[in-house]
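Residue numbers for the sequence shown follow this note's numbering, beginning at 318 and rising by one.
Structure first, then comments.
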Amino acid sequence: MTDLKGLKAVVTGGASGIGLATARLLAERGADVAVLDLRPESLPGPLRGHRADVADDASVRAAVEAAAEDLGGIDVLVNNAGIGAVGTVEDNGDDEWRRLWEVNVLGIVRVSRAALPHLRRAAQTPPHSAAIVNTCSIAATAGLPQRAAYSASKGAVLSLTLAMAADHVTEGVRVNCVTPGTVDTPWVGRLLGQAADPEAERAALNARQPTGRLVTPGEVAAAIAYLASPEAGAVTGTALAVDGGMHGLRLRSP
Ligand code: NAD
């Protein structure tokens, strides 16, 4: 099991779903964790919360500095905050496209920009481990229907991950992402809740997974914990799929 003892980690969007599972797992494995979220008040246990809107630069800078002071530095940044949108290019207006870009893409840019001086410092001091992990999505490369704006934003997250990995590799800061499939979080719960028959919709969703079930938030958190850890010291510029085989497997002959 990945040992994260002594690492100082910031997790955005850590008050719910994948981010909450990640913050909990990192803490369980010994890291000191600060969560940046729109709604930090619901956080359980030893997790420290800082209110931040990743779409607002001033709010991000203040929260990252507060978290760094609180933790005594930043070794790990998990850029996980994200929002979704359903629709084709004809369904979503410019404002919705801009909102997704603001949160899903520029959100990562802003938090990384504020955290990089701390990560660089972490890379220079023992145990010389500094890592950024971005939460991307299978939508970046899968060609999902009814997810035009969301897929484009996550495509940008994938490209950004690779470009950042190249820019910061000589500074000792590794940058990777996870590409989850359909994960059983409150977000998916909200989508299912809009269906005429949520239980039938959930069964259909399970049936569409090669594994016959949704990915759990804890399974994504475990992949993030690995990429964040010194054990992944030679891993940078990768996308780790945690999607129950959704993207890689072709279960029927063409
Ligand atoms: P969720 O809605 O359960 O949690 C998202 C968290 O992000 C919430 O706590 C919310 O308050 C926070 N957040 C949203 N906008 C924010 C902002 N502007 N500033 C700060 N915090 C903000 O969602 P989730 O399913 O856990 O998704 C987390 C990430 O995983 C997202 O980036 C999403 O795109 C990605 N993802 C989810 C799935 C899935 O099936 N659930 C699949 C692939 C990728």
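All C-beta atoms in this analysis are idealised placements derived from N, C-alpha and C, irrespective of residue type, glycine included.
Whether residue i touches residue j by CB criterion (7 Å)
i: V314; j: V350; result: No answer is possible for residue 314: the residues shown for the chain start at 318 and end at 571.
i: G489; j: A431; result: no
i: A466; j: L522; result: no
i: T581; j: N396; result: Nothing about residue 581 can be read from this structure; the chain reaches only from 318 to 571.
i: P361; j: R368; result: no
i: V422; j: A473; result: yes
i: A435; j: I391; result: It is His, not Ala, that sits at residue 435 in the sequence shown. Contact flag set, yes.
i: T573; j: E536; result: Because the chain spans 318 through 571 in this model, residue 573 falls outside it and cannot be assessed.
i: V450; j: L337; result: no
i: A372; j: E419; result: yes
i: A480; j: K471; result: no
i: A344; j: G331; result: no
i: L353; j: D370; result: no
Assumed close pair residue i, residue j - CB separation to whole angstroms, cut-off 8 Å
i: A398; j: G424; result: 6 Å
i: P324; j: V393; result: The question names Pro, but residue 324 is Leu in the sequence shown. Sure, about 6 Å apart at Cβ, within 8 Å.
i: G347; j: L321; result: 5 Å
i: V495; j: I455; result: Going by Cβ atoms, the distance from V495 to I455 rounds to 10 Å, so no, they are not a contact pair.
i: A482; j: R491; result: 7 Å
i: T553; j: V486; result: 6 Å
i: G404; j: P534; result: Rounded, the Cβ-Cβ distance is 25 Å, inconsistent with contact.
i: T528; j: G561; result: 4 Å
i: N493; j: T555; result: 5 Å
heavy atom of ligand 1 below 6 Å from residue i C-beta
i: R356; result: yes
i: N397; result: yes
i: D514; result: no
i: T478; result: no
i: G472; result: no
i: G562; result: no
i: W504; result: yes
i: S333; result: yes
i: A542; result: no
i: V492; result: no
i: V371; result: yes
i: V420; result: yes
i: P361; result: no
i: P497; result: yes
i: I400; result: yes
i: G489; result: no
i: T452; result: yes
i: G366; result: no
i: G389; result: no
i: G565; result: no
Cross-strand partners of residue i (DSSP beta bridge)
i: H367; result: L353
i: V450; result: V395 and N493
i: G404; result: R464
i: V328; result: V352 and V395
i: V500; result: V532
i: L557; result: V495
Check: residue i C-beta below 6 Å from any heavy atom of ligand 3
i: G554; result: Questions concerning ligand 3 fall outside what the structure shown contains, since the ligands it does hold are ligand 1.
CB contact below 7 Å: residue i versus chain C
i: V327; result: This model lacks chain C altogether, as it is built from one protein chain only.
Every unbroken alpha helix (DSSP H) within the region 409 to 440, with a cutoff of 4 residues, ordered by chain: The region 409 to 440 contains these whole alpha helix (DSSP H) runs: 411 to 417.
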